[in-house]
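Residue numbers (our numbering): 18 to 102. Glycine included, C-beta positions come from ideal geometry on N, C-alpha and C.
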């Protein structure tokens, strides 16, 4: 089991640690705002922030976010700047 913070809330996933974060978010946690684009970390459609750093979730394994803060597009509306968008 891998535990991390997702948009400020603690979550855990019981999936293989080499599962791409994109599929953990979309299929395991029903967070569908993060999109599948190219699957090769080239287009940026799957970008999320891990501890404030943008990463391509299609090529980031679940093990890389253990104990870290993951922020997705769903959290944008919670921020002052996001509300302006």
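Taking the beta strand (DSSP E) that residue i belongs to, which residues open and close that run?
i	result
residue 8	Nothing about residue 8 can be reported from this structure: the residues present for the chain run from 18 to 102 only.
residue 27	26 to 30
residue 49	Looking at the DSSP string, residue 49 is not in any beta strand (DSSP E), and its letter there is neither H nor E.
residue 70	70 to 73
Is the beta carbon of residue i less than 8 angstroms from the beta carbon of residue j?
i	j	result
residue 83	residue 19	yes
residue 74	residue 63	yes
residue 50	residue 32	no
DSSP state of residue i, grouped into three classes?
i	result
residue 23	strand
Using the beta-carbon count (16 or more within 10 Å), is residue i buried or exposed?
i	result
residue 26	exposed
residue 65	buried
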